[in-house]
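Working notes for the structure below.
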Amino acid sequence: KEFQIIDTLIGPSLKDEVMKIMPVQKQTRAGQRTRFKAFVVVGDGNGHVGLGVKCSKEVATAIRGAIILAKLSVIPVRRGYWGNKIGKPHTVPCKVTGKCGSVTVRMVPAPRGAGIVAARVPKKVLQFAGIEDVFTSSRGSTKTLGNFVK
Numbered sequence: 001k002e003f004q005i006i007d008t009l010i011g012p013s014l015k016d017e018v019m020k021i022m023p024v025q026k027q028t029r030a031g032q033r034t035r036f037k038a039f040v041v042v043g044d045g046n047g048h049v050g051l052g053v054k055c056s057k058e059v060a061t062a063i064r065g066a067i068i069l070a071k072l073s074v075i076p077v078r079r080g081y082w083g084n085k086i087g088k089p090h091t092v093p094c095k096v097t098g099k100c101g102s103v104t105v106r107m108v109p110a111p112r113g114a115g116i117v118a119a120r121v122p123k124k125v126l127q128f129a130g131i132e133d134v135f136t137s138s139r140g141s142t143k144t145l146g147n148f149v150k
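With UniProt numbering as the guide, the letters of the sequence shown map in order to residues 1 to 150.
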C-alpha cells in the first residue's frame, strides 16, 4: 500500500492532527507491556477525510504509522445545501446517523452561518472534511475516543 499516491492526488492541502495518544497494556508473565495507541485524522478541508489508528512501542512510531494509515483510508465526503442552492455546498446533504460500539452520532443539516455545533472530537473531523455548518448530537460512551471519532 502506497500512501504517496494520496500525497500526489490531494497534494499539500492535506493536513493531519493527532486526536489522542493513549497507553495500552498487555499483561505478560513478567508484568505489563505498555504500548502507545495513536489516533490521527487527515483531511484537506474540501471533501476528503481519513482516520488512522496505530499501536507501537514508541509514540513517534505510532504517530507516523497512524498518519500513513489515515492517508490510506481517505474517503470523499458528500456535502449538500440547507434550503436554496446558492454558492458552494456547506453542510451534510441529509440527516445521517453513524454508530460504532455504544456511541451513536447524529448529524442534521444546518443553515449557512450556524457553524459546526458538535463536541470537540467530531468538530475536528468535520472541519477536516470541509463541512462548515452542521448540528450534531451524540449518545453513548463518548469518552471512548476510538469509537467516537469513527
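Cβ coordinates follow ideal geometry from the N, Cα and C atoms, glycine included.
Owing to the predicted nature of the structure, the values given are computational and were not obtained by experimental measurement.
Does the count of Cβ pairs from the stretch 45-62 and the stretch 99-117 closer than 8 Å reach three? These segments do not touch.
As assigned by DSSP and simplified to three states, the class of alanine 60: helix
Straight-line gap, glutamine 127 to threonine 34 (C-alpha atoms, nearest Å): 32 Å
Quick one: Cα of glycine 115 to Cα of glutamate 132, how far? 6 Å
For leucine 72, which residues of its own chain have a beta-carbon under 8 Å away from its beta-carbon, when the five flanking residues on both sides are left out? Lys1, Phe3, Ile6, Gly50, Gly52
Sort out for me which residues DSSP pairs lysine 15 with in a bridge. For lysine 15, which the question treats as bridged, DSSP gives the partners Gly43.
Residue of Pro12, Trp82, Val121 minimising C-alpha distance to valine 108: Closest option to valine 108, Cα to Cα, is Trp82.
Consult DSSP for isoleucine 75 and reduce its assignment to one of helix, strand or coil. DSSP, read as helix, strand or coil, puts isoleucine 75 in strand.
I'd like the span of the beta strand (DSSP E) that includes residue 151, first residue to last. The shown model of the chain, from 1 to 150, leaves out residue 151, and the question about it has no answer.
For valine 149 and phenylalanine 39, which I take to be in contact (beta-carbon distance under 8 Å), what is that distance rounded to the nearest angstrom? 6 Å
For threonine 8, name the three-state secondary structure that DSSP assigns. helix
Beta-carbon proximity check, glycine 43 vs leucine 14, cutoff 9 Å: yes
Under DSSP, the alpha helix (DSSP H) around phenylalanine 128 begins and ends at which residues? 120-129
Host beta strand (DSSP E) of phenylalanine 135 (start-end): Taken as a continuous stretch (DSSP letters only), the beta strand (DSSP E) holding phenylalanine 135 covers 134-139.
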